[in-house]
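Residue numbers (the working numbering), protein chains in the order written: chain A, 57 to 169; chain B, 324 to 437.
Set out below in structure tokens:
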């Protein structure tokens with residue numbers, strides 16, 4: 057069985073500062089990795105995913121995450137956050153994309169002006 | 324194009340009462356998922372459908388929870404009777420059939436059991 061740990065439940069950050077959200081997973085088999093974002097009063101939206109190939113993946117709004125197999129991590133980063141990045145971010149793993157997702161507990165990001 | 328639609332958005336009931344949630348997936352999506360998200364936690368899968376067949380219901384508490392997707396399109400999740408611990412957000416998601424396909428989530432139904 058897989059499990060996902062998001063070490064930080066809340067991350068306050070000032071606007072235009074960098075942010076890193078940590079995600080570690082455990083699995084006995086190869087996994088696919090995802091970051092989902094949940095804006096206030098909205099459903100979960102896929103932010104980015106790692107399926108294969110380059111270990112560094114990017115989203116259209118400036119986030120990036122790097123798959124590190126040896127450290128079983130998939131940390132999410134953004135060099136400069138905006139107020140609009142205030143949301144809850146969930147890391148998830150799956151043995152096969154489109155199959156069951158196992159989510160971490162989420163990290164709430166609050167961007168302050 | 325409409326996303327995943329769920330209703331109601333909010334529901335407050337007393338314990339021991341029944342409750343039902345409805346989900347209409349994105350048109351053409353064969354796979355439908357129901358997740359439960361407890362406060363301060365990530366979503367947990369309850370059941371997954373491929374068309375009208377429940378292919379993974381291992382996490383569904385079958386003593387009080389039931390689900391159906393009779394025509395392979397929309398789905399209903401029911402709890403009878405509800406308990407205090409069932410208070411959570413119930414999320415529906417859908418995807419195209421097969422692997423490597425993104426799951427699209429609805430806004431959820433927030434259930435409060437008093």
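Where is the CB? At the ideal position from N, CA and C, for every residue including glycine. These numbers come from a predicted model, not from an experiment.
So which residues on chain A does residue i lean against when the C-beta distance must stay under 7 angstroms?
| i | result |
| --- | --- |
| residue 430 of chain B | 98 and 99 |
When you compare the CB positions of residue i and residue j, do they come within less than 8 angstroms of one another, or not?
| i | j | result |
| --- | --- | --- |
| residue 68 of chain A | residue 168 of chain A | yes |
| residue 427 of chain B | residue 365 of chain B | no |
| residue 160 of chain A | residue 143 of chain A | no |
| residue 64 of chain A | residue 163 of chain A | yes |
| residue 387 of chain B | residue 402 of chain B | yes |
| residue 58 of chain A | residue 86 of chain A | no |
| residue 419 of chain B | residue 344 of chain B | no |
| residue 405 of chain B | residue 339 of chain B | yes |
| residue 81 of chain A | residue 130 of chain A | yes |
| residue 115 of chain A | residue 103 of chain A | yes |
| residue 409 of chain B | residue 347 of chain B | no |
| residue 429 of chain B | residue 360 of chain B | no |
Quick check: what's the CA-CA separation for residue i versus residue j?
| i | j | result |
| --- | --- | --- |
| residue 89 of chain A | residue 141 of chain A | 21 angstroms |
| residue 378 of chain B | residue 371 of chain B | 6 angstroms |
| residue 157 of chain A | residue 105 of chain A | 12 angstroms |
| residue 414 of chain B | residue 432 of chain B | 7 angstroms |
| residue 394 of chain B | residue 74 of chain A | 48 angstroms |
| residue 367 of chain B | residue 381 of chain B | 11 angstroms |
| residue 390 of chain B | residue 70 of chain A | 44 angstroms |
| residue 135 of chain A | residue 342 of chain B | 45 angstroms |
| residue 373 of chain B | residue 72 of chain A | 44 angstroms |
| residue 434 of chain B | residue 111 of chain A | 39 angstroms |
| residue 139 of chain A | residue 146 of chain A | 18 angstroms |
| residue 421 of chain B | residue 437 of chain B | 40 angstroms |
| residue 137 of chain A | residue 384 of chain B | 41 angstroms |
| residue 176 of chain A | residue 332 of chain B | The requested residue 176 of chain A is not part of the displayed model; chain A covers only 57 to 169. |
| residue 132 of chain A | residue 118 of chain A | 11 angstroms |
| residue 125 of chain A | residue 425 of chain B | 22 angstroms |
| residue 155 of chain A | residue 62 of chain A | 21 angstroms |
Counting only Cβ pairs nearer than 7 angstroms, list the residues of chain B close to residue i.
| i | result |
| --- | --- |
| residue 156 of chain A | 368, 371 and 379 |
| residue 102 of chain A | 425 |
| residue 119 of chain A | By Cβ distance, chain B contributes nothing, its closest Cβ being about 16 angstroms from residue 119 of chain A, past 7 angstroms. |
What residues of chain B sit near residue i, judged by a beta carbon separation below 8 angstroms?
| i | result |
| --- | --- |
| residue 109 of chain A | Per Cβ cutoff of 8 angstroms: no residues; residue 109 of chain A is ~13 angstroms from chain B at best. |
Which residues of chain A have a Cβ atom closer than 8 angstroms to the Cβ of residue i, listed in chain order?
| i | result |
| --- | --- |
| residue 363 of chain B | 65, 161 and 162 |
Could you pull the start and end residues of the beta strand (DSSP E) that residue i belongs to?
| i | result |
| --- | --- |
| residue 329 of chain B | 328-330 |
| residue 392 of chain B | Premise fails: residue 392 of chain B is in no beta strand (DSSP E) and is neither H nor E. |
| residue 418 of chain B | 411-418 |
| residue 59 of chain A | 59-61 |
| residue 401 of chain B | 398-402 |
| residue 407 of chain B | Unbroken run through residue 407 of chain B: none, as it is neither H nor E. |
| residue 226 of chain A | Summary: the structure shown does not reach residue 226 of chain A, with chain A confined to residues 57 through 169, and so no result is reported for it. |
| residue 437 of chain B | Residue 437 of chain B -> no beta strand (DSSP E), and no H or E assigned at all. |
Going along chain B in order, which residues have a C-beta closer than 9 angstroms to the C-beta of residue i?
| i | result |
| --- | --- |
| residue 70 of chain A | Ordered by position in chain B, no residue passes the 9 angstroms Cβ test against residue 70 of chain A, which lies about 24 angstroms from the chain. |
| residue 146 of chain A | 365 and 366 |
I'd like to know whether the C-beta of residue i is nearer than 8 angstroms to at least one C-beta of chain E.
| i | result |
| --- | --- |
| residue 97 of chain A | Any reference to chain E falls outside this structure, whose protein chains are A and B. |
Practice prompt. Report the residue ranges of all beta strand (DSSP E) runs contained in full by the stretch 71-154 of chain A; include only those spanning at least 3 residues, in chain order.
Written response: 75-77, 80-82, 88-94, 100-106, 112-114, 120-124, 129-134 and 143-150
Item to complete: Would you list, in sequence order, the uninterrupted beta strand (DSSP E) runs of no fewer than 3 residues that lie entirely inside the stretch 337-388 of chain B?
Response: With a minimum length of 3 residues, the continuous beta strand (DSSP E) runs that stay inside the stretch 337-388 of chain B are 342-347, 354-360, 367-373 and 376-379.
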